[in-house]
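**Q** What follows is a structure written as structure tokens; I'll ask about it next.
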Amino acid sequence: MALVNEHFLKLRGSYLFSEIAKKVNAFRATHPKQNLISLGIGDVTRPLPPACIEAIHKAADEMANSRTFHGYGPEQGYDFLIEAIIKNDYAPHGIRLTPSEIFISDGAKSDTGNIGELLRWDNSMAITDPVYPVYVDSNIMCGRSGILGEDGKWSNVTYLPCTAENHFEPALPDHRVDLIYLCYPNNPTGTTLTHEQLKKWVDYALENDTLLIFDAAYEAYIHEENVPHSIYEIRGAKKVAIEIRSYSKTAGFTGMRCGYTIVPKELTATTLTGERIALNPLWNRRQCTKFNGTSYITQRAAEAIYTPEGKQQTRANIEYYMDNARMMKKGLEASGLTVYGGINAPYLWVKTPDGISSWRFFSQMLYEANVVSTPGVGFGPSGEGFIRLTAFGSHEDSEEGIRRIQHNL
Ligand code: PLP
129 MALVNEHFLK LRGSYLFSEI AKKVNAFRAT HPKQNLISLG IGDVTRPLPP ACIEAIHKAA
189 DEMANSRTFH GYGPEQGYDF LIEAIIKNDY APHGIRLTPS EIFISDGAKS DTGNIGELLR
249 WDNSMAITDP VYPVYVDSNI MCGRSGILGE DGKWSNVTYL PCTAENHFEP ALPDHRVDLI
309 YLCYPNNPTG TTLTHEQLKK WVDYALENDT LLIFDAAYEA YIHEENVPHS IYEIRGAKKV
369 AIEIRSYSKT AGFTGMRCGY TIVPKELTAT TLTGERIALN PLWNRRQCTK FNGTSYITQR
429 AAEAIYTPEG KQQTRANIEY YMDNARMMKK GLEASGLTVY GGINAPYLWV KTPDGISSWR
489 FFSQMLYEAN VVSTPGVGFG PSGEGFIRLT AFGSHEDSEE GIRRIQHNL
């Protein structure tokens, strides 16, 4: 008899976006003629940059010829992409990495979800709240989160509230924790940390022997000067932090699937007897066992982002979304709503009017304005009283969505 991993039974009935999809489908079934505008799920709408398409065609042709065909590649990724990452994403910020510290992946979701395999199930952990749901759910699956309380919080998770009152800068934990997830620029609040603010987290980690998982999936959206692009811009961070990146929102790769994870050579965790173990060889071992590499064609497409044309085309797509973000923020604020984010991230974190609940405002938007949003409380208890809107739609849909919200407040 196979015994089930009972931790899976502790997971909430469905993943947030499936819950939203269910409500949207129910609306569609009862209102078949209404046309909905989705400003909800964070998926991109712009096609891939032409430089990537060209690289895909070229790589496909290589696959058609026995002399240039590529079978299994290195589990860690091809050197051509790893070198492009070092040269373009890190060297300009004064960060030196060696190729074996970089692991190409099929996206940030897998790596943020899988990285916990390197750690014992009984580490204590902290998350900023609200937060990208994968961090908590993947820890529930291995039993690290403890028991769900009546307040909707897990017993072994320290919640670090990010609220309007603290300007979405979470306070450091008031006790020691083993593991902290940070995501900047942040999904869902769209806010970020300055260099000085992020330094406090690295200093805490160095003092407390804490491991930081730094999710930088939205790094390409940083527009302001004093916002770090990588946690390794902070002195000492290589000793305490893993950084995870994604091409999904940088270059429209949500359907292509590619990202990467940095596990610095200096980074260690300890055994129960206090022996320090480097995490880089462990992650390498894990990847070699459970992952057979991102496809050659996809990695060639990712490499093309770093060509001069690729850079210019990628930037143009990001600006397209950020134009939406600016327009949406302005329109919502003009209607009297309080809006955060939208400056270094493609997300707007909107306070519900008159203090109504996230789900109630979500339903009001759905049924009255025919706009799909994401209820903030779905990202954690401190998300109550907010909805998240994304700037990933077309200009036309984003404008129409805001117009409808304005008319239905
Ligand atoms: N991390 C954050 C904070 C995200 O918002 C997302 C996607 O929405 C991901 C990771 C997943 O990215 P990927 O498409 O690379 O799996």
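If you read the sequence shown in this note's numbering, its first letter stands for residue 129, the second for the next number, and so on.
Each residue gets a CB set at the ideal place from its N, CA and C atoms; glycine is no exception.
As the structure is a computational prediction, the values presented were derived from the model and not from experiment.
Check for me: the beta strand (DSSP E) holding residue 233 runs from which residue to which?
**A** Per DSSP, residue 233 belongs to the beta strand (DSSP E) from 230–233.
**Q** Determine, using beta carbons only, whether residue 555 and residue 511 come nearer to each other than 8 angstroms.
**A** Nothing in the structure corresponds to residue 555, since the chain is present only between 129 and 537.
**Q** State the beta-bridge partners of residue 287 as determined by DSSP.
**A** For residue 287, which the question treats as bridged, DSSP gives the partners 255.
**Q** Quick check: residue 499 and residue 167, are their CB atoms within less than 8 angstroms of each other?
**A** Cβ atoms of residue 499 and residue 167: closer than 8 angstroms.
**Q** Just checking residue 345 against the ligand PLP - is the residue's beta carbon closer than 7 angstroms to any of the ligand's heavy atoms?
**A** The answer is yes for residue 345.
**Q** For residue 275, count neighbouring Cβ atoms within 10 angstroms of its own Cβ and tell me buried if that reaches 16, exposed if not.
**A** Flag for residue 275 reads exposed.
**Q** Any heavy atom of the ligand PLP closer than 7 angstroms to the CB of residue 170?
**A** Because some heavy atom of the ligand PLP lies under 7 angstroms away, the Cβ of residue 170 counts as near it: yes.
**Q** On the DSSP letters alone, give me the boundaries of the beta strand (DSSP E) that residue 349 sits inside.
**A** Taken as a continuous stretch (DSSP letters only), residue 349 belongs to no beta strand (DSSP E), as it is neither H nor E.
**Q** Would you give the residue range spanned by the beta strand (DSSP E) that residue 478 belongs to?
**A** Segment 475–479, the beta strand (DSSP E) holding residue 478.
**Q** Need the endpoints of the beta strand (DSSP E) that residue 387 sits in, please.
**A** Residue 387 -> beta strand (DSSP E) spans 387–390.
**Q** Alpha carbon to alpha carbon, how far is residue 463 from residue 503?
**A** So the two alpha carbons sit approximately 20 angstroms from each other.
**Q** Whole-angstrom Cβ separation of residue 362 and residue 326, contact assumed at under 8 angstroms?
**A** Indeed they touch by this definition, with Cβ atoms about 6 angstroms apart.
**Q** Can you round the beta-carbon distance between residue 191 and residue 198 to whole angstroms, since I take them to be within the 8 angstroms contact cut?
**A** Right, their Cβ atoms sit about 7 angstroms apart.
**Q** Between the C-alpha atoms of residue 303 and residue 333, what's the straight-line distance to the nearest angstrom?
**A** Taking the straight line joining both Cα atoms gives about 12 angstroms.
**Q** With a Cβ-Cβ cutoff of 8 angstroms, do residue 286 and residue 298 count as a contact?
**A** For residue 286 and residue 298, no; Cβs fall outside 8 angstroms.
**Q** Only counting the same chain, and skipping five residues up and downstream in sequence, which positions put a Cβ closer than 8 angstroms to that of residue 476?
**A** So the list reads 318, 453, 456, 457, 460, 467, 468, 469, 470, 516, 517, 518 and 519, once near-sequence residues are dropped.
**Q** Within the same chain, show all residues whose beta-carbon is closer than 8 angstroms to that of residue 295, passing over the 5 residues directly before and after it, in chain order.
**A** Here the set comprises 319.
**Q** Mark residue 440 as exposed unless 16 or more other C-beta atoms lie within 10 angstroms of its C-beta, in which case mark it buried.
**A** Exposed, by the Cβ-count rule.
**Q** Flag this pair as yes or no: are the beta carbons of residue 171 and residue 378 separated by less than 8 angstroms?
**A** Not a contact, by the Cβ cut-off of 8 angstroms.
**Q** Please list the terminal residues of the continuous beta strand (DSSP E) segment that includes residue 416.
**A** Segment 407–418 is the alpha helix (DSSP H) holding residue 416; no beta strand (DSSP E) there.
**Q** Look at the alpha carbon of residue 465 and the alpha carbon of residue 264, and state the distance between them as a whole number of angstroms.
**A** Their Cα atoms are separated by approximately 30 angstroms.
**Q** Applying the 10 Å Cβ sphere with the 16-neighbour rule, what's the burial state of residue 481?
**A** So residue 481 counts as exposed.
**Q** Return the Cβ separation of residue 473 and residue 349 in integer angstroms, given the expectation that the two are a contact with Cβ distance under 8 angstroms.
**A** That belief holds up - the Cβ atoms of residue 473 and residue 349 are roughly 5 angstroms apart, short of 8 angstroms.
**Q** Is the beta carbon of residue 200 less than 8 angstroms from the beta carbon of residue 427?
**A** No, Cβ-Cβ distance for residue 200 and residue 427 is not below 8 angstroms.
**Q** Runs of 3 residues minimum, wholly inside the segment 319–388: which ones carry the beta strand (DSSP E) assignment?
**A** The qualifying runs are 339–343 and 369–374.
**Q** Spatial neighbours of residue 187 within its chain, please: CB distance less than 7 angstroms, with the 5 preceding and 5 following residues excluded, ordered by chain position.
**A** Here the set comprises 424, 425 and 428.
**Q** Cutting at 7 angstroms between CB atoms, please list the residues of its own chain near residue 145, excluding the five before and the five after it.
**A** Excluding positions up to five away in sequence, the list reads 169.
**Q** Can you say whether residue 442 is buried or exposed, counting buried as having 16 or more other CB atoms within 10 angstroms of its CB?
**A** Residue 442 should be labelled buried.
**Q** When you measure from the CB of residue 526 to every non-hydrogen atom of the ligand PLP, does any distance come out below 7 angstroms?
**A** No, Cβ of residue 526 sits at least 7 angstroms from all heavy atoms of the ligand PLP.
**Q** Name, in chain order, the residues that DSSP records as bridge partners for residue 299.
**A** Bridge partners of residue 299: none, in fact.
**Q** Shorter than 7 angstroms, the distance from the beta carbon of residue 406 to the closest heavy atom of the ligand PLP, or not?
**A** No - the ligand PLP has no heavy atom lying nearer than 7 angstroms to the Cβ of residue 406.
**Q** Taking 8 angstroms as the limit between beta carbons, can you name the residues of its chain near residue 522, skipping five residues before and five after?
**A** Excluding sequence neighbours, residue 522 sits near 173.
**Q** Do you know how far the Cα of residue 508 is from the Cα of residue 261?
**A** Computed Cα separation, rounded: 8 angstroms.
**Q** Bridge partners for residue 276 per DSSP, in chain order?
**A** Beta-bridge pairing links residue 276 to 282.
**Q** Counting C-beta neighbours from all protein chains within 10 Å, is the total for residue 402 16 or more, i.e. buried, or is it exposed?
**A** Looking at its Cβ environment, which holds fewer than 16 other Cβ atoms inside 10 Å, residue 402 is exposed.
**Q** Going by DSSP, what residue range makes up the alpha helix (DSSP H) through residue 304?
**A** Neither: residue 304 is in no alpha helix (DSSP H) and is coded neither H nor E.
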